[in-house]
Structure formats: structure tokens, C-alpha cells
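Numbering (this note's numbering), first residue to last: 4 to 193.
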DNA sequence: TGCCTGATGTTCT
DNA sequence: GAACATCAGGCAC
């Protein structure tokens, strides 16, 4: 049996971002489970000017250079958290930003964390972190362990995946490392 | 429907 | 001291 860490260690940033589409997060809160399906991702790598790891390993980006299949959580714009799944071998600053997820189970648990429902619940990187109560304390969390586990689903077919340029960045804007599930309403517009 | 802006704090220069 | 992998509310059309 292959561990998540071994699998994501062996994938390049865009391969990891594609592989994550269709996989699920299982978040345990107060003994109850919420499940969400990943529908939009962006790949980042240290050779990439838009990546936090571009300027080398710092206290903030330390976990991006650590073992794969761990969670990199960062705080931005003074009020939002976003989360990434670390990929590549130890010492490589690579990861996949989770931009949007689709609730599968335990939706009311997610709604309790956000004062909203419907599409608005998880259709953005900071929104899904709030819905799943992902905060700074979860930085460096191993995704094979509760209370937040990554569950692999079969890889999606290529005709289900749309590739495009990334959103919300000002450097390396032409790199086509954003991937999303075709025709999914939770994918953010642009 | 779509643009503009304020909120707010961490990180790096 | 400025930039920032964002969101939500307000206002104009």
C-alpha cells in the first residue's frame, strides 16, 4: 500500500494539482464528520515567482519544504486563511492551493462555521478554510491523520479537467497551473 | 450584473 | 513601510 506522502512526493506540482481534483477531505469536528470534494486547485513551486517558496525557505514557508501530503496554511489580507497540500520530495518548496470544494456530507457542520449557505459556502480558498475551521494551528498537519484527512478517489479523466492560468496573483501570471472540474458550480468565476 | 473599496495583520524588504 | 495566492458590501447602471 502506498502512503499519501509517497504518492505526492513523486508528483510534479501540476500533476499533484490534477491528482487532487475529485479527491475528498474528511474534517472531524466535535465527533462529527464533514466531507468535501476538491473541484479547483492551483499548483505552486519554488521555481515559480508567484509561489511563497520562491524566495527560499523561511519560517513561514517551512512546511512547504517538508514532507508531502501535509497541510500548509497561511494567513493573508489580514483576515483570511488559505490551505495548500504539500507535494514533491522533502527540501522542495512545492504545493497545491485548494481553491474550491463541493460539500458532500455534513453540510450543516460547514454552514455553522460560516454564516452562509449554498454556493457561497466553499467556492473560494478562504471560504473553504473558514467552513472547515482550518486555522494556523493546522499548519504542518499530516493529512493521513484526523481531524483532517485526505481521501484519494480515482483520478479524473482528462476531459473532465479544465486547465487555465492562475487567479489573484501578480507574478508569473501566464503559467497555466490552475485546474478545475468542468461545469462545476463551485468553481470560482473568471 | 459588475466595478470599487474597506477591513485587517503577517511577512519580507 | 508596502505588498499580499481574499472576501463581502455598497453603489451605479
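Think of the CB as a built atom: it goes at the ideal place given N, C-alpha and C, for glycine as much as any other residue.
Cβ-based burial, residue i [other Cβ within 10 Å; buried from 16]
i, result
"residue 147", "exposed"
"residue 107", "exposed"
"residue 126", "buried"
"residue 59", "exposed"
"residue 113", "buried"
"residue 166", "exposed"
"residue 50", "exposed"
"residue 46", "buried"
"residue 111", "exposed"
CA nearest to the CA of residue i, picked from the options
i, options, result
"residue 12", "70, 29 and 99", "70"
"residue 36", "138, 46, 153 and 81", "153"
"residue 161", "8, 24 and 16", "24"
"residue 80", "29, 63, 181 and 129", "129"
"residue 63", "190, 192, 135 and 76", "76"
"residue 133", "85, 164, 173 and 174", "85"
"residue 138", "159, 22, 116 and 109", "116"
"residue 15", "74, 176, 157 and 89", "89"
"residue 172", "29, 52 and 48", "52"
"residue 6", "22, 72 and 159", "72"
"residue 30", "48, 74, 68 and 61", "74"
Nearest-angstrom Cα separation, counted from residue j out to residue i
i, j, result
"residue 2", "residue 91", "Residue 2 lies beyond the stretch modelled for the chain, which goes from 4 to 193, so this question has no answer here."
"residue 179", "residue 96", "18 Å"
"residue 141", "residue 66", "11 Å"
"residue 93", "residue 9", "11 Å"
"residue 83", "residue 55", "16 Å"
"residue 190", "residue 150", "25 Å"
"residue 175", "residue 183", "19 Å"
"residue 26", "residue 109", "16 Å"
"residue 33", "residue 135", "12 Å"
"residue 156", "residue 170", "26 Å"
"residue 163", "residue 186", "9 Å"
"residue 78", "residue 28", "20 Å"
"residue 21", "residue 118", "31 Å"
"residue 87", "residue 57", "15 Å"
"residue 181", "residue 159", "15 Å"
"residue 38", "residue 177", "33 Å"
Closer than 7 Å: residue i CB and nearest the ligand NAD heavy atom
i, result
"residue 189", "The ligand content of the structure shown is nil, which means the ligand NAD is not present either."
Complete runs of the beta strand (DSSP E) confined to the stretch 57–129 [at least 3 residues]
Listed in chain order, the complete beta strand (DSSP E) runs (minimum 3 residues) inside the stretch 57–129 are 74–79, 83–89 and 97–108.
Flag this pair as touching only if the stretch 141–158 and the stretch 111–127 have three or more C-beta atom pairs under 8 Å; answer yes or no.
no
Tell me, please, whether the stretch 97–105 touches the stretch 31–49 by the rule of three or more beta-carbon pairs shorter than 8 Å.
yes
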